[in-house]
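The opening residue of the sequence shown carries number 89 in the numbering used here; numbering runs sequentially from there. Since the structure comes first, as structure tokens, the remarks are kept for the end.
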Amino acid sequence: MLKEAVEYNLTEGETARLVQITDPHLFASHEGQLLGVNTAHSLSAVLNTLNATHYPAHLMLATGDISQDYTPESYRNFVDAIGFLGLPCHYLPGNHDDPRVMHLHMQGPRVFGQQRIFVGNWQILMLDSTVRDKPGGHMGEEQFALIDEAIAAEPERHTLLVMHHNPIPVDCVWLDQHCMDNGAAFLERVSQYPQVKGVLWGHVHQALDEFYPRDNAPLPLMATPSTCIQFKPKSPYFALDHLQPGYRLLELLHDGSIHTHVYRVPGNLFAPDHNSSGY
């Protein structure tokens with residue numbers, strides 16, 4: 089049985105405009121650091137960078153690893169941090185989150201944990217790819233059932249699938265051990281639906297824009313940088329990148345196409361500890 093959806097009514101033919109932020113790894117303390125980066129400060133820098141663009145977004149997607157220490161305060165800190173933007177925020181859990189604590193404390197008049205979002209002629213499905221006590225992900229049958237039922241209920245809407253874990257390897261040997269373990273099967277199943285127009289995730293702390301081949305049209309696959317530390321692409325061992333924290337903007341067009349770009353905090357404000365061996 090499908091759960092309720094949050095709906096945003098747009099004018100006929102209007103483009104849906106989204107912001108994705110991911111993997112802030114916040115602590116109860118505003119002084120908490122992850123591998124040498126103050127995660128509250130880096131999130132604030134990303135949000136200020138976004139705010140300075142005056143991008144007319146309809147909503148924000150927060151795609152997991154909101155917390156690093158599983159505390160109620162870390163989730164409340166996130167809600168407080170995004171408040172000045174005035175954007176509705178829809179969230180899902182990552183492997184560093186405690187879903188129970190998250191749902192209790194990710195609370196606010198513009199903060200939502202529902203899995204279905206209607207915006208114009210698009211349907212966004214916020215999927216849970218987490219596995220309790222494991223860093224890697226798995227797409228369970230209940231999530232496939234959600235996809236099947238949601239598309240059957242709204243066959244005329246274009247669909248964007250959003251999750252935390254990467255369904256494809258990103259060519260980081262150490263990181264790909266913690267991808268979605270049934271990612272290939274996931275993409276094979278969802279690509280059969282012509283309504284599915286894109287797949288979006290976090291987790292990998294780096295940008296990626298690729299396509300999954302299919303007959304009717306290639307399926308866009310998108311990963312987004314963290315708002316804190318960045319992982320070095322194509323590394324066989326744990327390594328941090330020098331790139332700055334970032335976010336992604338997406339425009340979901342009425343015809344089912346997606347325009348998207350990743351933006352980063354300007355300058356060199358955040359320098360991680362490159363001597364770290366893991367997180």
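Beta carbons: idealized from backbone N, C-alpha and C, even for Gly. These numbers come from a predicted model, not from an experiment.
Pull up the DSSP beta-bridge partners for T218, would you. G225
Cβ-Cβ distance between H342 and T103 below 8 Å: yes
Among residues of its own chain, excluding the 5 on either side of S94, which ones have a beta-carbon nearer than 8 Å to its beta-carbon? The question names Ser, yet the displayed sequence has Val at residue 94. Excluding sequence neighbours, V94 sits near P176, H178, F200, Q202, R204, I205, F206.
Measure the Cβ-Cβ separation of L338 and Q108 and say whether it is below 8 Å. yes
Roughly how many angstroms lie between the CA atoms of D329 and Q318, to the nearest whole one? 5 Å
Short of 7 Å in beta carbon distance, which residues of its chain neighbour A238, apart from the five on each side in sequence? Order them along the chain. L90, R204, Q211, L213
Does the pairing of the region 160-172 with the region 268-278 give three or more beta-carbon distances under 8 Å? no
DSSP state of F166 mapped onto helix, strand, coil: helix
Based on the DSSP output, what are the partners of H349 in its beta bridges? L337
Please work out which residues of its chain come closer than 7 Å, Cβ to Cβ, to H193, disregarding the five sequence neighbours upstream and downstream, and give them in chain order. P160, Y163, R164
Is it buried or exposed, K322, if we count other Cβ atoms within 10 angstroms and call 16 or more buried? exposed
Taking the CB atoms as reference points, tell me whether R352 and P313 lie closer together than 8 Å. yes
By the three-class DSSP mapping on this structure, what secondary structure does G290 have? coil
DSSP three-state label for F299, please. strand
By a C-beta neighbour count over all protein chains shown, 10 Å radius and 16 as the cutoff for buried, is T99 buried or exposed? exposed
Closest Cα partner of P354 within the set D111, Q265, Y96, L138: L138
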